[in-house]
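In this note's numbering, the protein residues as written are 61 to 283. Where is the CB? At the ideal position from N, CA and C, for every residue including glycine. Reviewing the structure listed below.
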Amino acid sequence: MAANKTHASTPSLGDVAYKKVLEGLFDKSIPTGAFVSQSELVKLLDVAVQPLRDALKILETEGVVTIHPRSGIEFLKLDLELTRSTYQFRTIIERAAAMRYAETGDMSEFKDLKERHEILISDIKSGQFDDAILDRVEDLEEELHGNMVASLHNPLVTTTAARLKNYVRLIRLDRLMTPPLALKTLEEHIVILENLEKRDLSGAEAAVSAHFQAAQQRLLGMF
Numbered sequence: 061m062a063a064n065k066t067h068a069s070t071p072s073l074g075d076v077a078y079k080k081v082l083e084g085l086f087d088k089s090i091p092t093g094a095f096v097s098q099s100e101l102v103k104l105l106d107v108a109v110q111p112l113r114d115a116l117k118i119l120e121t122e123g124v125v126t127i128h129p130r131s132g133i134e135f136l137k138l139d140l141e142l143t144r145s146t147y148q149f150r151t152i153i154e155r156a157a158a159m160r161y162a163e164t165g166d167m168s169e170f171k172d173l174k175e176r177h178e179i180l181i182s183d184i185k186s187g188q189f190d191d192a193i194l195d196r197v198e199d200l201e202e203e204l205h206g207n208m209v210a211s212l213h214n215p216l217v218t219t220t221a222a223r224l225k226n227y228v229r230l231i232r233l234d235r236l237m238t239p240p241l242a243l244k245t246l247e248e249h250i251v252i253l254e255n256l257e258k259r260d261l262s263g264a265e266a267a268v269s270a271h272f273q274a275a276q277q278r279l280l281g282m283f
């Protein structure tokens, strides 16, 4: 039984190749919009051909690449339309998620998240702003939005949200996070959390919608 459990938890070579392609995009060793051959990717990522092919098929269904037979692999290009589409889809999912989370979420969880946001806002306003602060901003971002999506208990939504998370990470690659931008994000989260604490379903939904609208506008300013 133990052997079977260990085997089941071991990622496949295709999974490893999938993660390596995404990591290549995230660390910019593969530029967005790039057109490369399969052999170039094999060398760049140090993966075998078949696992790479398996990974690319999945990434094509997710819209990250377009496979051109006997020609090469084209990676998605970051543009206005991708940003709009990504945030529109996130808004559709997370408006429903915010309402469910407001209805069923743990009150102590809301209070803890809000307190950690307030402490971080205070730290930034006091002049602290380094990689550790950025990591805390990212952690709170992932925890709040992740908790909301998880509250739906819908594996299809969870899978889709993970795909959208990859898009958001790519869209944000060239964004310089500054103290004012970090504060705006955190303060928008506070509004969401205040409505969650009140169990205000419509208020939480509206706060999430406003947060994504503002985030989208900040990103569109990059193009």
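Using the C-alpha atoms, what's the distance from residue j back to residue i?
i    : j    : result
L290 : A221 : One cannot answer for residue 290 here, as it falls past the ends of the chain, which runs 61 to 283.
E169 : I133 : 44 Å
T219 : A77  : 18 Å
T143 : V228 : 8 Å
Q188 : L236 : 16 Å
P91  : S97  : 14 Å
D75  : A115 : 7 Å
H271 : K117 : 34 Å
A275 : V107 : 36 Å
G123 : D260 : 36 Å
G165 : H249 : 16 Å
Could you tell me which residues DSSP pairs with residue i in its beta bridges?
i    : result
E134 : F95, T126
Using a threshold of 8 Å, state whether the C-beta atoms of residue i and residue j are closer than that.
i    : j    : result
L138 : V81  : no
V217 : I153 : yes
A267 : L212 : no
R150 : L224 : yes
L101 : L85  : no
K174 : L253 : yes
V197 : T245 : yes
K79  : L233 : no
I231 : L194 : no
A264 : M159 : yes
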